Amino acid sequence: MSYNGKNFFGWQKQKYVRTIENEVEYCLSKLLKKSINIIGAGRTDRGVHAKQMVAHFDYEKEISNHLVKRLNIFLPKSIRIHDIFCVKNNIHARFDAIKRTYKYYITSSKDPFYHDFSWHCFYSLDIHKMNDVAKELLKYNDFSSFCKKKNEKKNEKKKCIIYFASWKKEKNILCFTITANRFLRSMVRLIVGSFISIGRGKMKKEEFFKILESKNSFPFGFTVPACGLFLHKIVYPSNIMLKKMKKIY
16 MSYNGKNFFG WQKQKYVRTI ENEVEYCLSK LLKKSINIIG AGRTDRGVHA KQMVAHFDYE
76 KEISNHLVKR LNIFLPKSIR IHDIFCVKNN IHARFDAIKR TYKYYITSSK DPFYHDFSWH
136 CFYSLDIHKM NDVAKELLKY NDFSSFCKKK NEKKNEKKKC IIYFASWKKE KNILCFTITA
196 NRFLRSMVRL IVGSFISIGR GKMKKEEFFK ILESKNSFPF GFTVPACGLF LHKIVYPSNI
256 MLKKMKKIY
């Protein structure tokens, strides 16, 4: 599925507020005439968007070929289901995902047409300095310093394997792409916030890595706005599918 997260309080189901999980579960349950629980590949925060989110649910009967179309009629315009497909038994949308890619978009000039899907940053940024630091992220795997704690479990692991991290600029749009096996709460937005400080010359490369290596229990720096963040792609082992998934990214 894809969704515009602007008017939702994130992915995770909550009482009294609109969430993506609530909306999809409600519509699925009505159409299948059975209480359906869905499990997402991750939990995007309030206001964060998804180009590709994957979720799983259990259902014993045959699923109509028209279910995707019917779901999209009933769901709000900000959520689109692209495909429903069968997988092998005991496959989990979250735990069987092997890679996740996020993108963060920044505009250097005010543009009303990008307002909901990017952050207008009016600072002058040095992309070369930012990329110099980004490529070294792959050497680290503990990102405790870039994690917002909420209901933190004792001894919860804060390790992530970063496969790719890079900044790219096209005209007035700057995009940060990062791929990892998993991400911590608000990790991408906190890292991007630190990159902004580096690009502005307010933080040196050595300071950034000193913070990263400290594994501080309190996150450093500011969190960039959610509007610019997209869950872009999720990768699974090809052998778990009983039907090929559509390419939507």
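Mapping the sequence shown onto our numbering, position 169 (from 1) lands on 184, and the numbers just tick up by one.
Virtual Cβ for every residue (Gly too), placed ideally from N, Cα, C.
Model, not experiment: these values are computed from the prediction.
Around the C-beta of I113, are 16 or more other C-beta atoms found within 10 angstroms, so that it is buried, or is it exposed? Within the sequence shown, the letter at position 98 stands for residue 113. Per the 10 Å Cβ criterion, exposed.
By the three-class DSSP mapping on this structure, what secondary structure does E40 have? Residue mapping note: residue 40 aligns to position 25 of the sequence shown, counting from 1. If DSSP states are grouped into helix, strand and coil, E40 belongs with the helices.
Whose C-alpha, out of F237, H64, L47, is nearest the C-alpha of T116? Taking the first residue of the sequence shown as 1, we reach residue 116 at position 101. It is H64 whose Cα lies nearest to the Cα of T116.
When the Cα of Q67 is compared with those of E77, H97, Y119, which residue comes out closest? Translated into the one-based positions of the sequence shown, residue 67 becomes position 52. Answer by Cα proximity: H97.
With a threshold of 16 other CB atoms inside 10 Å of the CB of F237, please say whether the residue is buried or exposed. Numbered from its first residue, the sequence shown carries residue 237 at position 222. Flag for F237 reads exposed.
Output needed for L140: all residues of its chain with C-beta closer than 6 angstroms, excluding positions within five of it in sequence on either side, in chain order. Within the sequence shown, the letter at position 125 stands for residue 140. Non-local beta-carbon contacts of L140 in its own chain, meaning distances under 6 angstroms to residues more than five positions away in sequence, involve G214 in chain order.
How big is the Cα-Cα spacing for I226 and Y74? Walking along the sequence shown from the start, residue 226 turns up at place 211. Walking along the sequence shown from the start, residue 74 turns up at place 59. Taking the straight line joining both Cα atoms gives about 47 angstroms.
Could you check whether F161 and M202 sit closer than 9 angstroms to each other, using their CB atoms as the reference points? As a first step, residue 202 must be located in the sequence shown, where it is residue number 187. As a first step, residue 161 must be located in the sequence shown, where it is residue number 146. Result yes, Cβ atoms of M202 and F161 sit closer than 9 angstroms.
Note the first and the last residue of the continuous alpha helix (DSSP H) segment covering V239. Counting from 1 along the sequence shown, the entry for residue 239 is found at position 224. Note, V239: premise wrong, no alpha helix (DSSP H); not H, not E.
Going by DSSP, name the residue or residues bridged to I249. Here residue 249 is taken as the residue at index 234 of the sequence shown, counted from 1. DSSP lists R115 as partners of I249.
Mind checking who F191 pairs with in its DSSP beta bridge? Start at 1 with the first residue of the sequence shown, and residue 191 comes out as number 176. According to DSSP, F191 bridges with Y119, W182.
Exposure of C101, with buried meaning 16 or more beta-carbon neighbours within 10 Å: What you label residue 101 is simply residue 86 of the sequence shown in a count that begins at 1. In summary, C101 is exposed, with fewer than 16 beta-carbon neighbours lying within 10 Å of its beta-carbon over all protein chains present.
So is S159 buried or exposed if we call it buried at 16+ other beta carbons inside 10 Å? As a first step, residue 159 is located in the sequence shown; it is residue number 144 there, counting from the start. Looking at its Cβ environment, which holds 16 or more other Cβ atoms inside 10 Å, S159 is buried.
Leaving out five residues on either side along the sequence, give the residues of the same chain with a beta carbon under 6 angstroms from the beta carbon of S123. Start at 1 with the first residue of the sequence shown, and residue 123 comes out as number 108. So the list reads N187, once near-sequence residues are dropped.
Bridge partners - A149, DSSP secondary structure assignment: What you label residue 149 is simply residue 134 of the sequence shown in a count that begins at 1. A149 pairs with nothing; no bridge assigned.
Straight-line Cα distance separating L82 from F191: Your numbering for residue 191 matches position 176 in the sequence shown. Your numbering for residue 82 matches position 67 in the sequence shown. Cα-Cα distance, rounded: 35 angstroms.
DSSP on V265, reduced to helix/strand/coil? The chain is shown from 16 up to 264; residue 265 falls before or after that span and cannot be answered.
Let me confirm a value: Y31 is counted as buried when at least 16 other C-beta atoms fall within 10 Å, else exposed. Which label applies? The residue you call residue 31 lines up with position 16 of the sequence shown. Label assigned to Y31: exposed.
How would you call F223, buried or exposed, if buried means at least 16 neighbouring beta carbons within 10 angstroms? Within the sequence shown, numbered from 1, the residue matching residue 223 stands at position 208. Buried, since its Cβ has 16 or more Cβ neighbours within 10 Å.
What number of angstroms, rounded off, separates the C-alpha of K174 from the C-alpha of N254? Taking the sequence shown and counting its residues from 1, one reaches residue 174 at position 159. Taking the sequence shown and counting its residues from 1, one reaches residue 254 at position 239. Looking at the two C-alpha atoms, the distance is approximately 26 angstroms.
For the alpha helix (DSSP H) that V69 lies in, which residues bound it at each end? Numbered from 1 along the sequence shown, position 54 holds the residue referred to as residue 69. First-last for V69: undefined, no H or E at that position.
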